[in-house]
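Participant:
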């Protein structure tokens, strides 16, 4: 890894000089470097992100900062996360071509990556706040998840290959620690950086801290996150890490990548769709104006799981070359039937994990440090709190009563019933 002493933060002038010194990028951008347009657009929690445009083309530049941008220098963070993000993007491009931005340049020393500029793509979360539907999303995101998860698992890899993969990402523990604290621990205790829509959700925040059934459930999920290196995860696969048009999907920002439980990635996608559904009522200007969008969101929730499961199973049936479930143990018709039954049981276990992790991702976005604009852009705080309380009610059930959700339709059915439920919340 690069020494911190070799690193410097590149602001506009320094970034211009740096890019101008790389012949391929200079040619791609075109024109004189002095005329390039450079705009800092990073609205995330951790990094600097620039859009650079020349006369011929444009690029996106991402540079890691040595601290958490959302908090500041009081929270240092290793620059090595940019290296792991580059490794993950490279692997994802190999396994799911066309579903991540093209990599154009990487400097480990500067913790900097230059990528394809995605235009006219927008962050999916922003589009969903505006009630935009994305008909190509289901096919793209399920292909991405099925291929990246299956082909980095023991179902596709030899034991040696899998262990080499785990080792390659094992150093990304600082980013894992953020997840372990901010998702699985802090929302359930008094933590300085927690926040919620006060005073309306004060009572729910207290309940979260006192709910021992919930504490047991979240602790089991945390242990699974820490101790189950099933496949290479994106690690932060939410609608803020997906850029879309109506026909294209690109997954970005895998700096949290590591080998962990598959349900964490799948659950993150479902959680963010469900939060968009519950937030939708708070964005209504006239009654019922977002009904078509909300129906599409719940249909998308169902299709994401169903299509992911179908594609994952198709990959397993077509070419399981890994050391898990060796085909030599399942010869003949009886063996084939037993293996197929085990595949179905495997997917049911993965579904249960997905349900729990989706709940964990939801609760942290309402009571933890980093929130979603789905809820945050609801101007009326009481309306926001009502939408959030509905999401909390479902998430709590999904985490503590996971066995009650045997199929994805059980989740969408419960969400639909909660759409107009009115919680008892404090009056501010």
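In the working numbering, the protein residues as written are 902 to 1329.
Glycine residues also receive a C-beta, built at the ideal position from the N, C-alpha and C atoms.
Nothing here was measured: the structure is a model prediction, and the numbers come from that model.
#1: To the nearest angstrom, how far is it from the Cα of residue 1330 to the Cα of residue 1299?
#2: Measure the C-alpha to C-alpha separation of residue 857 and residue 1205 and round it to an integer number of angstroms.
#3: For the stretch 1248-1329, list the beta strand (DSSP E) runs that are entirely contained and at least 3 residues long, ordered along the chain.
#4: If you follow the alpha helix (DSSP H) that residue 961 is in, where does it begin and where does it stop?
#5: Count the other C-beta atoms from every protein chain shown that fall within 10 angstroms of the C-beta of residue 1113, then say buried if there are 16 or more, exposed otherwise.
#6: Let's see if you can read the secondary structure: which residues bound the beta strand (DSSP E) around residue 1132?
#7: Cutting at 6 angstroms between CB atoms, please list the residues of its own chain near residue 1181, excluding the five before and the five after it.
#8: So residue 1168 and residue 1303 are supposed to be a Cβ contact under 8 angstroms. How far apart are they, rounded?
#9: So is residue 1064 buried or exposed if we call it buried at 16+ other beta carbons inside 10 Å?
#10: On the CB-based measure, 16 or more other CB atoms within 10 Å of its CB, does residue 1163 come out buried or exposed?
#11: Mapping the DSSP letters down to three states, classify residue 978 as helix, strand or coil.
#12: Do you know how far the Cα of residue 1250 is from the Cα of residue 1306?
#13: By a C-beta neighbour count over all protein chains shown, 10 Å radius and 16 as the cutoff for buried, is residue 904 buried or exposed?
#14: Rounded to whole angstroms, what's the CA-CA distance from residue 902 to residue 989? Just pull it up for me.
#15: Just to confirm before moving on: does the CB-CB distance between residue 1179 and residue 1319 stay below 9 angstroms?
#16: In the DSSP assignment, what are the bridge partners of residue 1148?
#17: For residue 1290 versus residue 1324, is the C-beta distance shorter than 9 angstroms?
#18: Leaving out five residues on either side along the sequence, give the residues of the same chain with a beta carbon under 7 angstroms from the beta carbon of residue 1215.
#19: Based on Cα-Cα distance, which residue from 1238, 1121 and 1024 lies nearest to residue 1165?
#20: My output table needs one value for residue 1038: the three-state DSSP class, helix, strand or coil.
#21: Report, in whole angstroms, the separation of the C-beta atoms of residue 1203 and residue 1309, which I expect to be a contact under 8 angstroms.
#22: How long is the line joining the alpha carbons of residue 1069 and residue 1000, rounded to whole angstroms?
#23: Just to confirm, is the Cβ distance from residue 1139 to residue 1278 under 9 angstroms?
#24: Whole angstroms are fine: how far does the CA of residue 1235 sit from the CA of residue 982?
Facilitator: If we stick to the structure as given:
#1: Since the first residue of the chain shown is 902 and the last is 1329, residue 1330 is not available in this structure.
#2: With the chain covering only 902 through 1329, there is no way to say anything about residue 857.
#3: none
#4: No alpha helix (DSSP H) contains residue 961, which is instead part of the beta strand (DSSP E) from 959-965.
#5: exposed
#6: 1132-1134
#7: 1191 and 1195
#8: Going by Cβ atoms, the distance from residue 1168 to residue 1303 rounds to 11 angstroms, so no, they are not a contact pair.
#9: exposed
#10: buried
#11: coil
#12: 12 angstroms
#13: With a pLDDT of 40 at residue 904, under the threshold of 50, the modelled position of this residue cannot be trusted, and the question is left open.
#14: Residue placement at residue 902 is flagged as unreliable, the pLDDT there being 36, under the threshold of 50; the coordinate-derived value follows with that caveat. Going from the Cα of residue 902 to the Cα of residue 989 covers about 16 angstroms.
#15: yes
#16: Bridge partners of residue 1148: none, in fact.
#17: yes
#18: none
#19: 1121
#20: helix
#21: 5 angstroms
#22: 22 angstroms
#23: no
#24: 47 angstroms
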